[in-house]
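Q: Before I ask anything, here is the structure I am working with.
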Amino acid sequence: MKYNTQLKRMPLPEYGRNIQNIVDYAVTIEDPEERRRCADSIISIMGNLFPHLRDVNDFKHILWDHLAIMSDFKLDIEYPYEIIKKEKLNRRPPVLPYSFEHPRYRHYGKRLEDLIHQATLLEDSPKKEFLIWTIAIFMKKQYLTWNKDSVDDRKILKDLSTLSKGLIELNPETYKLPDSRELMTQPVNSNKNIRNRKNNVSKNR
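Okay, so the sequence shown: first residue is 1 according to our numbering, each after it adds one.
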């Protein structure tokens with residue numbers, strides 16, 4: 001008796017050794033019609049193994065691709081779909097571009113810097129003011145994530161000015177952010193908070 005580790009390696013082990021043996025047998029069938037009927041039967045069995053995937057788009061196409069892979073692309077039949085090419089099977093995906101730019105303040109993150117930059121490009125409007133207000137709220141909450149005690153609003157507004165390269169200057173005497181305890185206990189995106197912030201933006205204009 002041979003152990004599975006001593007047998008031929010299966011390209012797609014999720015289908016099991018018996019299905020792989022049937023595929024290997026189908027490759028040896030000389031009669032084209034019989035070979036095609038055998039392939040159809042294999043596809044039917046493979047589909048029954050994963051009935052929960054029948055609603056997946058191109059489920060049948062995927063099964064025929066898998067059959068070709070399991071036969072090492074040696075099954076000589078007229079496939080109902082254009083199957084995957086062998087040379088593309090093990091092709092390495094393209095390298096994803098990765099930004100090595102580090103945020104000036106790690107606790108705020110790089111995406112926030114990008115958002116602040118986009119805010120500076122907007123024309124003066126209530127929409128821009130509300131966006132800046134939301135950014136300042138987020139900055140304060142992020143700061144509190146790392147510093148559990150408290151933070152002075154002047155610190156947040158100063159950092160906002162720095163990250164916007166001086167294009168966003170808010171007066172700490174008139175621009176009041178929510179209390180630290182309120183930020184840490186209430187969802188930032190709640191409807192009540194959004195209404196309050198819109199009112200505060202109007203008052204600070």
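Don't be surprised by glycine CBs; every beta carbon is placed ideally from N, CA and C.
(1) Y81: which of R91, F73, H61 sits nearest, CA to CA?
(2) For Q118, which option in V151, L163, N147, T145 has the closest C-alpha, if you only look at C-alpha atoms?
(3) Along the chain, where does the alpha helix (DSSP H) that runs through P32 open and close?
(4) Out of R37, S44, I29, Q6, state which residue places its alpha-carbon closest to the alpha-carbon of Y15.
(5) I84 to L63, Cα distance in whole Å?
(6) For S190, which three-state DSSP category applies?
(7) Out of K165, E169, I156, state which residue places its alpha-carbon closest to the alpha-carbon of S180.
(8) In chain order, what residues of the same chain lie with their CB nearer than 6 Å to the CB of R36, ignoring the 5 residues before and after it?
(9) What are the start and end residues of each continuous alpha helix (DSSP H) run of 4 or more residues lying completely inside the region 2-26, in chain order?
(10) Would you mind stating whether H107 and W146 have Cβ atoms separated by less than 9 Å?
(11) Going by alpha carbons, who is nearest to A26 out of I135, D72, E169?
(12) State the Cα-Cα distance for the pair Y98 and T28, rounded to the nearest angstrom.
(13) Helix, strand or coil, according to DSSP, for I128 in the structure here?
(14) Helix, strand or coil: how does DSSP classify Y143 here?
(15) Report, in whole angstroms, the separation of the C-beta atoms of K141 and L96, which I expect to be a contact under 8 Å.
(16) Over what stretch of residues does the alpha helix (DSSP H) that includes R111 continue unbroken?
A: So, to answer that:
(1) On the sequence shown, position 81 is the one that residue 81 refers to. Ranking the options by Cα distance to Y81, first place goes to H61.
(2) Position 118 of the sequence shown, counted from the first residue, corresponds to residue 118. Answer by Cα proximity: L163.
(3) Here residue 32 is taken as the residue at index 32 of the sequence shown, counted from 1. Counted as a single uninterrupted DSSP element, the alpha helix (DSSP H) harbouring P32 occupies residues 32-49.
(4) Along the sequence shown, read from residue 1 onward, the residue named residue 15 stands at position 15. Among R37, S44, I29, Q6, the Cα nearest to that of Y15 belongs to S44.
(5) On the sequence shown, position 84 is the one that residue 84 refers to. On the sequence shown, position 63 is the one that residue 63 refers to. Our two residues, I84 and L63, have alpha carbons roughly 11 Å apart in a direct line.
(6) Position 190 of the sequence shown, counted from the first residue, corresponds to residue 190. Confidence at S190 is low in this model, with a pLDDT of 46, below 50, so its placement is unreliable and the value that follows should be read with caution. Three-state result, S190: coil.
(7) The residue labelled residue 180 in the question sits at position 180 within the sequence shown. Nearest option by C-alpha distance: I156.
(8) The residue you call residue 36 lines up with position 36 of the sequence shown. If we look at R36 and ignore the five residues flanking it on each side, its Cβ neighbours are I77.
(9) Here no run is fully enclosed.
(10) Position 107 of the sequence shown holds residue 107. Position 146 of the sequence shown holds residue 146. Yes, they are a contact pair.
(11) On the sequence shown, residue 26 is found 26 positions in, with the first residue counted as 1. Closest option to A26, Cα to Cα, is D72.
(12) Working through the sequence shown from its first residue, we reach residue 98 at position 98. Working through the sequence shown from its first residue, we reach residue 28 at position 28. Spanning the two alpha carbons is a distance of roughly 48 Å.
(13) On the sequence shown, position 128 is the one that residue 128 refers to. A quick correction: the sequence has Lys, not Ile, at residue 128. Helix at K128.
(14) Sequence index remark: in the sequence shown, residue 143 carries index 143 (1-based). Helix.
(15) Mapped onto the sequence shown, residue 141 falls at position 141. Mapped onto the sequence shown, residue 96 falls at position 96. At roughly 30 Å, the Cβ-Cβ gap does not stay under 8 Å, so K141 and L96 are not in contact.
(16) As a position in the sequence shown, residue 111 is number 111, starting the count at 1. Its alpha helix (DSSP H) spans residues 110-121.
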